[in-house]
């Protein structure tokens, strides 16, 4: 029997994410689109997060809302306590597939001025969130 000495990988050689699936974070709080802005802000504060994934009644992800966006809506002159998340999510998306390359996702996020992007499967279910680092 021969003993083989294994060399550990260098800790300085971090793996570079190639696809969105390699770099995404867990989805975090997911809320239904019939939730009001005030309740969504409370959920966000309780979860200590800067964003919420919004889903429809079928569980499909319809978008991502940030604390800044919700606060701007709440502070607007036309705000009432009946405004629901579906009222402020005008356009669904954008979304990323877990197979999207990091280069494509980063380029799209910078072009659209997004800090975070929902990652969804082929059925529209949220798998995670891709957040840009500065």
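Numbering (the numbering used here), first residue to last: 2 to 135.
Beta carbons are placed, not taken as given, at the ideal position from N, Cα and C, and that holds for glycine.
Original post:
Counting only runs that start and end within the region 78–123, where is the beta strand (DSSP E) found for 3 or more residues in a row?
Top reply: Counting whole runs of 3 or more residues, the region 78–123 contains the beta strand (DSSP E) stretches 117–121.
Original post:
Using the beta-carbon count (16 or more within 10 Å), is residue 81 buried or exposed?
Top reply: By the 10 Å Cβ count, residue 81 comes out exposed.
Subject >> Environment of residue 7 [buried if 16+ CB atoms lie within 10 Å] >> reply: Bear in mind that the predicted position of residue 7 carries a pLDDT of just 44, short of 50, making it too unreliable to give a figure here.
Original post:
Are residue 25 and residue 120 close, meaning C-beta to C-beta below 8 Å?
Top reply: In contact: residue 25 and residue 120 (Cβ atoms closer than 8 Å).
**OP:** Would you mind working out which of 96, 104, 66 sits nearest residue 126, comparing C-alpha positions?
**Re:** The shortest CA-to-CA distance from residue 126 to any of 96, 104, 66 is the one to 96.
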